[in-house]
Amino acid sequence: MKYLIWFLVILLAIWAFKRSRRSNSDAPQAPTAATPATPANMAVCLHCGIHLPQEEAVMGEKGQYCSTEHRAAAQDRNPV
Ligand SMILES: [Zn+2]
1 MKYLIWFLVI
11 LLAIWAFKRS
21 RRSNSDAPQA
31 PTAATPATPA
41 NMAVCLHCGI
51 HLPQEEAVMG
61 EKGQYCSTEH
71 RAAAQDRNPV
């Protein structure tokens, strides 16, 4: 009977140790699940760096721009 009590105490200690380790490792994992800087449907203006929806972006030979003015300012032109 004495051994059974010691066995239960050791099991409880192992369970408490594993539980504390798991709660510690969970904490730093939360910020790593951050959203990416640029979603797939967003474009970045090569001239001013502003983010805009892909369908509103102006295409140039070097990349995408927020407006035709910025495409001209970047000395780029319409690829078509
Ligand atoms: Zn721009």
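FYI, the numbering used here numbers position 54 of the sequence shown as 54, with every residue one higher than the one before it.
Each residue gets a CB set at the ideal place from its N, CA and C atoms; glycine is no exception.
- Residue environment analysis places arginine 21 among the exposed positions, since fewer than 16 neighbouring C-beta atoms fall within 10 angstroms of its C-beta.
- For histidine 70, the distance from the CB to the nearest heavy atom of ligand 1 is below 6 Å.
- Per DSSP, alanine 43 lies in no alpha helix (DSSP H); the unbroken beta strand (DSSP E) holding it starts and ends at 42-44.
- Around the beta carbon of valine 80, fewer than 16 other beta carbons lie within 10 angstroms, which makes this residue exposed.
- Look at glutamine 75 here: in three-state DSSP terms it is coil, with no helix or strand label.
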